[in-house]
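Q: With UniProt numbering, the residue at position 140 of the sequence shown is 140, and numbering never jumps.
Every residue gets a Cβ at the ideal spot worked out from N, C-alpha and C, and that includes glycine.
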Amino acid sequence: MPLRFDQLDHKEFQDCTSVGMTEHEVVELAQSFRLYGFWRIDLDSGLFYATPDVFRIFDMESTDGRVNMVEFRSRIHPEDLPMLMESFERACSQKQSYHNIYRVKRGVDCWKFARTVGKFRARPGTSGELVGVTYEFFERLRTAAFSDEEE
1 MPLRFDQLDH KEFQDCTSVG MTEHEVVELA QSFRLYGFWR IDLDSGLFYA
51 TPDVFRIFDM ESTDGRVNMV EFRSRIHPED LPMLMESFER ACSQKQSYHN
101 IYRVKRGVDC WKFARTVGKF RARPGTSGEL VGVTYEFFER LRTAAFSDEE
151 E
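Right under this line is the structure:
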């Protein structure tokens, strides 16, 4: 499988406030009908922190936010893991943004697709960190779904 590294830094930033939306509304809409988890990896400590949707995507029990890397890696298809590790290493060493589409274990012998978009973020006095978002990646299907404001 060929690797393709895209720089996301050149994409024009779309300011949601220019159309009267708040950043909170954008996140709320993105998370409304799809598992959409946010994460951060501290490069000095190696600790990986994630929001509950990351745990749901990987079918892991949610914790205080710290991710068990051994369990996490075991949920990624073995053929896709080298690509993910190379992307991670390149983003760290060259301070880049990246994205991957890869397979995540669903049940015993089934797989689903997930997409991760991440970027290096400098932190003064440290080696920096990677931050990003991971979400379930679906085929395009014609659907309609509605949600009430109330829970």
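What is the rounded straight-line gap between the Cα of GLY20 and the Cα of VAL26?
A: The straight-line gap from Cα to Cα measures roughly 11 Å.
Q: According to DSSP, is ALA30 helix, strand or coil?
A: In the structure shown, ALA30 sits in a helix (DSSP, three-state: H, G or I).
Q: Could you check how far apart the C-beta atoms of HIS77 and ARG106 are, in whole angstroms? I think they sit under 8 Å.
A: That belief does not hold up - the Cβ atoms of HIS77 and ARG106 are roughly 11 Å apart, past 8 Å.
Q: Closest to PHE137 by CA distance: which of VAL117, GLU12, VAL67 is it?
A: For the residues VAL117, GLU12, VAL67, the minimum Cα distance to PHE137 belongs to VAL117.
Q: When DSSP labels each residue in this structure, what does residue 172 get in the three-state scheme?
A: Residue 172 falls outside the range modelled here, since the chain spans only 1 to 151, and no answer is possible.
Q: Can you find the residues in the same chain that come closer than 6 Å, C-beta to C-beta, to GLU12, ignoring five residues on each side of it along the sequence?
A: Cβ within range, chain order: n/a, list empty.
Q: Near MET1, which residues of its chain fall below 7 Å by C-beta distance, leaving aside the five closest residues on each side in sequence?
A: In this prediction, MET1 scores a pLDDT of 44, lower than 50, which makes its location untrustworthy; no coordinate-derived value is stated.
Q: Is it the case that the segment 121-137 contacts the segment 27-42, given that we only count it when at least three CB pairs across the two stretches are under 8 Å?
A: Touching, per the Cβ criterion.
Q: Rounded to a whole number of angstroms, what is the C-alpha to C-alpha distance between residue 153 and THR17?
A: Here the chain has residues from 1 to 151 only, and residue 153 is not among them.
Q: Per DSSP, ARG115 forms a beta bridge with which residues?
A: According to DSSP, which records beta bridges pairwise, ARG115 is partnered with ILE101, TYR135.
Q: Short check: CB of LYS95 to CB of PHE72, under 7 Å?
A: No, the Cβ-Cβ distance between LYS95 and PHE72 is not below 7 Å.
Q: Considering just the uninterrupted stretch of the beta strand (DSSP E) at PHE48, what are its terminal residues?
A: 48-50 is the span of the beta strand (DSSP E), which, as asked, contains PHE48.
Q: Report all residues from its chain with a CB closer than 6 Å to the CB of PRO52; omit the five preceding and five following residues, and keep chain order.
A: Closer than 6 Å at Cβ, skipping near neighbours: SER62.
Q: Quick one: is GLU89 buried, meaning 16 or more other Cβ sit within 10 Å of its Cβ, or exposed?
A: So GLU89 counts as exposed.
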